[in-house]
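Each residue of the sequence shown is one higher than the one before, counting from 700 in the numbering used here.
Even glycine gets a Cβ: it sits at the ideal position worked out from N, Cα and C.
Here is the structure we will look at, set down as structure tokens.
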Amino acid sequence: MIQFINVSKSYDGDIVLKDVSFTIEKGEFAFLTGPSGVGKTTLLKLIYCAERADTGEIVVGGWDLKKIRQRTIPYLRRSVGVVFQDFRLLMNKSVFDNVALALRIHDMHPQEIKQYVGDVLREVKLKHKENILPEHLSGGEQQRVVIARAMVSKPTVILADEPTGNLDADTSKAIMGLFREINARGATVLIATHNDSLFHGMGRRVFYLKDAHIEKEVVE
Ligand SMILES: Nc1ncnc2c1ncn2[C@@H]1O[C@H](COP(=O)(O)OP(=O)(O)OP(=O)(O)O)[C@@H](O)[C@H]1O
Ligand SMILES: [Mg+2]
Numbered sequence: 700m701i702q703f704i705n706v707s708k709s710y711d712g713d714i715v716l717k718d719v720s721f722t723i724e725k726g727e728f729a730f731l732t733g734p735s736g737v738g739k740t741t742l743l744k745l746i747y748c749a750e751r752a753d754t755g756e757i758v759v760g761g762w763d764l765k766k767i768r769q770r771t772i773p774y775l776r777r778s779v780g781v782v783f784q785d786f787r788l789l790m791n792k793s794v795f796d797n798v799a800l801a802l803r804i805h806d807m808h809p810q811e812i813k814q815y816v817g818d819v820l821r822e823v824k825l826k827h828k829e830n831i832l833p834e835h836l837s838g839g840e841q842q843r844v845v846i847a848r849a850m851v852s853k854p855t856v857i858l859a860d861e862p863t864g865n866l867d868a869d870t871s872k873a874i875m876g877l878f879r880e881i882n883a884r885g886a887t888v889l890i891a892t893h894n895d896s897l898f899h900g901m902g903r904r905v906f907y908l909k910d911a912h913i914e915k916e917v918v919e
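Below is the structure:
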């Protein structure tokens, strides 16, 4: 589903990832961890083509990212839902519109948009707040909007970057429960975090990034 073969990436001559290789299977729930600045976000960006690798091969759901054309990238992004580290909610748009925006770029009928958005908002338990602006939501609620936005196009892959960053333990648990549900329905999930309590005891593969490479891969 996601395959890296000897992928290297540097910014202005500074090497962030060097000869990174790994495979994540379809339907897997895996974690990427390592200290701040090690390259977790960069690795996720490579998967949804927000950054391009300098060398190496990346295959995501059948797309060879070295050969993907600019005009094909929106199709890739439709099957790869991203929960960003910094949320990126539009603060002057309602919860509903923030989620719907991910569909409007795909020319969907308004009635169908309403149905899709309603369904995911019910799933993250925010249907009753659909007309509210994100700034009036708690951090955990905002994160659930971000997850709803990533889910709404029914992606086959979900990438989440530090999805419980500023949330308390109980809220984090609820957020992780959502990812488990998404995964149980068949989506491949990859979560980047430096918070090891998220993956301890999960029995999932954890990739440890260190000094620009995957130092080890452990089932925790
Ligand atoms: N667009 C960019 N231009 C230049 N350098 C960058 C850019 N993006 C990231 N970097 C650098 O690449 C390195 C890896 O950054 P990255 O954001 O991938 O780390 P991270 O593991 O996600 O860290 P954190 O846990 O703090 O989120 C850092 O040294 C960062 O400064
Ligand atoms: Mg990061």
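- Leu742 and Val823 have their C-alpha atoms roughly 27 Å apart.
- As DSSP reads the structure, Phe730 sits in a beta bridge with Ile890, Val905.
- Contact check between the segment 813-823 and the segment 765-782: fewer than three CB pairs, one atom from each, fall below 8 Å, which does not count as touching.
- Annotated three-state conformation of Val737 is coil, per DSSP.
- In the DSSP assignment, Glu916 is bridged to Phe906.
- Residue state for Ser709 is assigned as strand, using DSSP reduced to three classes.
- Judged by beta-carbon spacing, Gln841 lies within the 7 Å limit of Pro833, meaning their Cβ atoms are closer than that value.
- At least one heavy atom of ligand 1 sits closer than 6 Å to the Cβ of Val715.
- No residue range can be given for Leu832, since it is assigned to no beta strand (DSSP E) and is classified by DSSP as neither H nor E.
- In chain order, the residues that have a beta carbon nearer than 7 Å to some heavy atom of ligand 2 are Lys739, Thr740, Gln784, Asp860, Glu861, Ala891.
- When DSSP states are grouped into helix, strand and coil, Thr855 belongs to the coil group.
- Going by DSSP, Glu756 is part of the beta strand (DSSP E) stretching over 754-759.
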